[in-house]
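Colleague: In our numbering, the protein residues as written are 407 to 814.
We put the beta carbon where it would ideally sit given N, CA and C, even for glycine.
Sharing a structure below in structure tokens format, with a few things to ask.
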């Protein structure tokens, strides 16, 4: 064994001596809990690609984008780095990212056969591909099986509509016991998804503001009317508790929230729960929160960086290591690579719903500077939520505000 290790060390030193390509990769999601996991993946990559060495740069989320922008401004960006969807558009629009289409083609890599198509397309901009989806999370419908069983209500199914959810929530609500049928947040991040479930959009394909059409109005009503019908707790009734805490306490039969709550629910609930793809109306639509790996447009090591990005996101070792270590979920669609996760006994049972949700995934509107526009949307949603404006008035005002903001 010592001879083998010594030989491996000698080979490694020879590679360095002979001028191995050195590439840098900066990450935030590995900090602080998965730095060693990423080191293991990098070592496996280097073992398969002995002419390439990866220098890992770990930066916490709170400092990440300041550090990244400073590196770009100074002309020393990392060769490759991690980016979330919300910031991806800014970097792509500014020409800071390397298009991957040509490298995919020259390496005969059919990415759409490996990644969920919608997950992959989320990191395209103006017809060009700039990132490989590295990991993802989504929002699903969690439900308390014990409460469903007590009321004799059938569990949610993949073909549920809003109407099915509403009818079930009415049956499951028990005000005397302080139990509500459902909880769904009333805010921008929920609204852009719900309007899509109703066949609408904040912007149409030509980037015209269309939020105040009938689909948009009814989507907003669907959200804000739930407390009025008594199937969802008002802010006063929630008494400062989060929807997730209410679910753990057995006070909510259903809750719309993210898969990042799995560990909390596994550790804190005392009842059996499961998940299903969220109901839609005219169609389905689900959140897609994602991180991707991208390359700097200025990297001199395009081929080496491409190999690293592909390995990090699609290699069987990388994917299984991520799942084993609980480092988010990979966005690959090959069921063989995620079979261990799907077959595990820990809740939820219906893990397939997570990956089914990807087929209905939507992302926030691809508009540069959207974070500022999101604040405008939230203010008008709050105006309707608290009864200061009707849904129609709020959305009509929102159209004017968005148009003015975009023209600034």
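1) Rounded to the nearest angstrom, what separates residue 712 and residue 769 at their Cα positions?
2) Could you check how far apart the C-beta atoms of residue 660 and residue 567 are, in whole angstroms? I think they sit under 8 angstroms.
3) Enumerate in chain order the residues of its own chain whose CB-to-CB distance from residue 407 is below 6 angstroms, with the five nearest sequence positions on each side excluded.
4) Does DSSP put residue 646 in a helix, a strand or coil?
5) Within the same chain, show all residues whose beta-carbon is closer than 8 angstroms to that of residue 410, passing over the 5 residues directly before and after it, in chain order.
6) Taking three-plus beta-carbon pairs below 8 angstroms as touching, is the region 573 to 590 in contact with the region 633 to 644?
7) Where does residue 502 fall in DSSP's three states?
8) Please report how far the alpha carbon of residue 608 lies from the alpha carbon of residue 615, in whole angstroms.
9) How many angstroms separate the CA atom of residue 360 from the CA atom of residue 441?
10) With a threshold of 16 other CB atoms inside 10 Å of the CB of residue 684, please say whether the residue is buried or exposed.
11) Answer with buried or exposed for residue 449, where buried requires no fewer than 16 other C-beta atoms within 10 angstroms of its C-beta.
12) Just how far apart, CA to CA, sit residue 466 and residue 432?
13) Is DSSP giving residue 550 helix, strand or coil here?
14) Which of helix, strand or coil does DSSP assign to residue 676?
15) Nearest by alpha-carbon distance to residue 628: which of 673, 464 and 790 is it?
16) Across which residues does DSSP place residue 692 in a beta bridge pair?
17) Within its chain, find whatever has a CB closer than 6 angstroms to the CB of residue 733; leave out the 5 residues flanking it on each side and keep chain order.
18) In chain order, what are the residue ranges of uninterrupted alpha helix (DSSP H) at least 4 long that sit wholly in the region 591 to 624?
19) Alpha carbon to alpha carbon, how far is residue 715 from residue 540? Give it in angstroms, no decimals.
20) With residue 525 as the anchor, note down where its alpha helix (DSSP H) starts and where it stops.
21) May I ask you to report which of helix, strand or coil DSSP gives residue 434?
22) With hydrogens ignored, establish whether the beta-carbon of residue 515 is closer than 8 angstroms to any heavy atom of the ligand PLP.
23) Less than 8 angstroms between the CB atoms is what I'm expecting for residue 369 and residue 502, so what's the real figure, rounded?
24) Using DSSP with H/G/I as helix, E/B as strand and the rest coil, what is residue 684?
25) Sorted by chain position, which residues of the same chain lie with C-beta nearer than 6 angstroms to residue 510's C-beta, five sequence neighbours on each side aside?
26) Using C-beta distances below 8 angstroms, list every residue in its chain close to residue 782, excluding the 5 sequence neighbours before and after it, in chain order.
27) Using CA atoms only, rank isn't needed, just tell me which of 625, 571, 655 and 547 is closest to residue 756.
28) Mind pulling the alpha helix (DSSP H) runs of 4 or more residues that sit fully within the region 688 to 760?
29) Excluding sequence positions up to five away, which residues of its chain have a Cβ less than 7 angstroms from the Cβ of residue 375?
30) What are the boundary residues of the beta strand (DSSP E) that includes residue 661?
31) With which residues is residue 490 paired in a DSSP beta bridge?
32) List the residues that DSSP assigns as beta-bridge partners of residue 456.
33) Could you please give the first and the last residue of the uninterrupted alpha helix (DSSP H) stretch that includes residue 571?
34) Indicate the three-state DSSP secondary structure (helix, strand or coil) for residue 795 in the structure shown.
35) For the alpha helix (DSSP H) containing residue 508, list its first residue and its last residue.
36) Which partner residues does residue 530 have in the DSSP bridge list?
Modeller: If we stick to the structure as given:
1) 25 angstroms
2) Contact doesn't hold; Cβ gap of about 14 angstroms is too wide.
3) Here residue 407 scores only 44 on pLDDT, less than 50, and its place in the model is too uncertain to base an answer on.
4) coil
5) Per-residue confidence for residue 410 stands at a pLDDT of 42, beneath the threshold of 50, marking its modelled position as unreliable; no derived number is given.
6) yes
7) coil
8) 6 angstroms
9) There is no way to answer for residue 360, as the model of the chain reaches only from 407 to 814.
10) buried
11) So residue 449 counts as exposed.
12) About 10 angstroms.
13) strand
14) coil
15) 790
16) 767
17) 440 and 443
18) Counting only runs of 4 or more, we get 594 to 603.
19) Roughly 9 angstroms between the two C-alpha positions.
20) 523 to 527
21) coil
22) Summarising the ligand content, the structure contains no ligands, and the ligand PLP is consequently not present.
23) The question about residue 369 has no answer, for the chain in this structure spans 407 to 814.
24) coil
25) Within its own chain, the residues whose Cβ lies closer than 6 angstroms to the Cβ of residue 510, once the five positions on either side in sequence are excluded, are 517, listed in chain order.
26) 804, 807, 808 and 811
27) 547
28) 708 to 720, 722 to 731 and 745 to 749
29) As shown, the chain starts at 407 and ends at 814. That puts residue 375 outside it, with no answer to give.
30) Start and end: 660 to 664.
31) 697
32) DSSP lists no partner for residue 456.
33) 568 to 578
34) coil
35) Start and end: 507 to 512.
36) 535
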